[in-house]
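Student: Pasting a structure here, questions to come.
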Amino acid sequence: MTQDELKKQVAEAALKYLKNVPIIGMGTGSTVTHLINLLADCDFKRDIEGAVSSSIKTTEHLQKIGIPVLDLNQTGDLEVYVDGADEVTPHKKMLKGGGGALTREKIIGGASKKFVCIVDETKCVDVMGKFPLPVEVLPLARSYVARQLVKLGGQPILRENYITDNHCEILDVHNLSIIDPIALEKTINNIPGVVTNGLFALRGADVVLVGKGTEVITL
0 MTQDELKKQV AEAALKYLKN VPIIGMGTGS TVTHLINLLA DCDFKRDIEG AVSSSIKTTE
60 HLQKIGIPVL DLNQTGDLEV YVDGADEVTP HKKMLKGGGG ALTREKIIGG ASKKFVCIVD
120 ETKCVDVMGK FPLPVEVLPL ARSYVARQLV KLGGQPILRE NYITDNHCEI LDVHNLSIID
180 PIALEKTINN IPGVVTNGLF ALRGADVVLV GKGTEVITL
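All residue numbers for the sequence shown refer to numbering that gives the first Met the number 0, where the first residue is 0 and numbers rise by one.
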């Protein structure tokens, strides 16, 4: 199967986690795009009262298939949040933010009782860091934060011509070998000017669905 076919396969496996959930949490990315497309033709779509979305792109897609998008401030905590990842470990720690929606993803994930991560097998790693770690920063603090990231052993590169939905910038940090993701997540988030970083270790996934070959493996 191609990588895109694996993404569609694992998105289909995630549908069962959205049944009988009136308000769903929805992430961002190519695998989630497949999930929303599948939702459009689901019998239980009519039972979904609304969704909380992690990005403008996802919001527009959900509205296009007829699912209202709600404000997290109005909904309170969610039952289920489904999202992809750029890397995920056997311990269900994730590296996310390749699509730039890491802050909203982290907020909605934190407000959800169950975090379902959907990936193809290419995203599974033992040690995170091969994929550059996104760090969302206030524009004023970009250079200062970059210097602190260099001290941590990384090589931060500004994501050019990109502004997040929160009107901030992203530094993609290369050359990190993330042995202790929880400690590094805390350290980077404590740098003044950092909005958040793409390590989802303090609050990892509850369920990881992996598209591998002709099957979907559940971690």
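Built from N, CA and C at the ideal position, the CB exists for glycine as well.
Could you tell me which residues DSSP puts in a beta bridge with Glu104?
Tutor: Glu104 is not bridged to any residue.
Student: Is any beta-carbon of chain C found at less than 9 angstroms from that of Pro138?
Tutor: No chain C appears in this structure, which consists of one protein chain only.
Student: At the level of alpha carbons, what is the spacing between Val193 and Thr57?
Tutor: 24 angstroms
Student: Can you grab the Cα-Cα spacing for the pair Gly98 / Asn165, in whole Å?
Tutor: 13 angstroms
Student: With H, G and I counted as helix, E and B as strand and the rest as coil, what does DSSP make of Ile35?
Tutor: Of the three classes helix, strand and coil, the one that applies to Ile35 here is helix, per DSSP.
Student: Following the continuous beta strand (DSSP E) through Val209, name the residue where it begins and the one where it ends.
Tutor: Val206 to Lys211 is the span of the beta strand (DSSP E), which, as asked, contains Val209.
Student: Classify Lys15 as helix, strand or coil using the three-state DSSP reduction.
Tutor: helix
Student: Suppose the cutoff is 8 angstroms on Cβ atoms and the five residues either side in sequence are ignored; what does the same chain contact list for Ile22 look like?
Tutor: If the five residues before and after Ile22 are omitted, its C-beta is found closer than 8 angstroms to the C-beta atoms of Ile47, Glu48, Gly49, Ala50, Val51, Leu69, Thr74, Leu77 and Glu78, all from its own chain and listed in chain order.
Student: Within 10 Å of its beta-carbon, does Val209 have 16 or more other beta-carbons around it, so buried, or fewer, so exposed?
Tutor: buried
Student: Among the residues of its own chain, which have a CB less than 8 angstroms from the CB of Asn19, if the five just before and after it don't count?
Tutor: Phe43 and Asp46
Student: Please return the same chain residues whose Cβ sits closer than 6 angstroms to the Cβ of Ile156, not counting the five positions on each side in sequence.
Tutor: Asp171
Student: Counting along the chain, where does the alpha helix (DSSP H) carrying Ile216 start and finish?
Tutor: Counting along the chain, Ile216 falls outside any alpha helix (DSSP H), though it belongs to the beta strand (DSSP E) covering Glu214 to Thr217.
Student: Among the residues of its own chain, which have a CB less than 7 angstroms from the CB of Arg103, if the five just before and after it don't count?
Tutor: Ser53, Ser54 and Asp164
Student: Under the assumption that Val206 contacts Val87 (Cβ atoms under 8 angstroms), give the Cβ distance between them as a whole number of angstroms.
Tutor: Not quite, the Cβ-Cβ distance comes to about 11 angstroms (not below 8 angstroms), so this is no contact.
Student: If we call anything under 9 angstroms between Cβ atoms a contact, is Ala13 one with Val124?
Tutor: no
Student: If you run the structure through DSSP and keep just helix, strand and coil, what is Asp164?
Tutor: The answer is coil: DSSP assigns Asp164 none of H, G, I, E or B.
Student: From Glu184 to Asn196, what does the alpha carbon distance come to, in whole angstroms?
Tutor: Here the C-alpha atom of Glu184 lies approximately 7 angstroms from the C-alpha atom of Asn196.
Student: Give the secondary structure of Ser52 by DSSP, where H, G and I count as helix, E and B as strand, and everything else as coil.
Tutor: strand
Student: Give me the residue from Lys112, Arg146 and Gly153 with the minimum Cα distance to Lys129.
Tutor: Gly153
Student: Can you tell me where the beta strand (DSSP E) holding Pro155 begins and where it ends?
Tutor: Residues Gln154 to Leu157.
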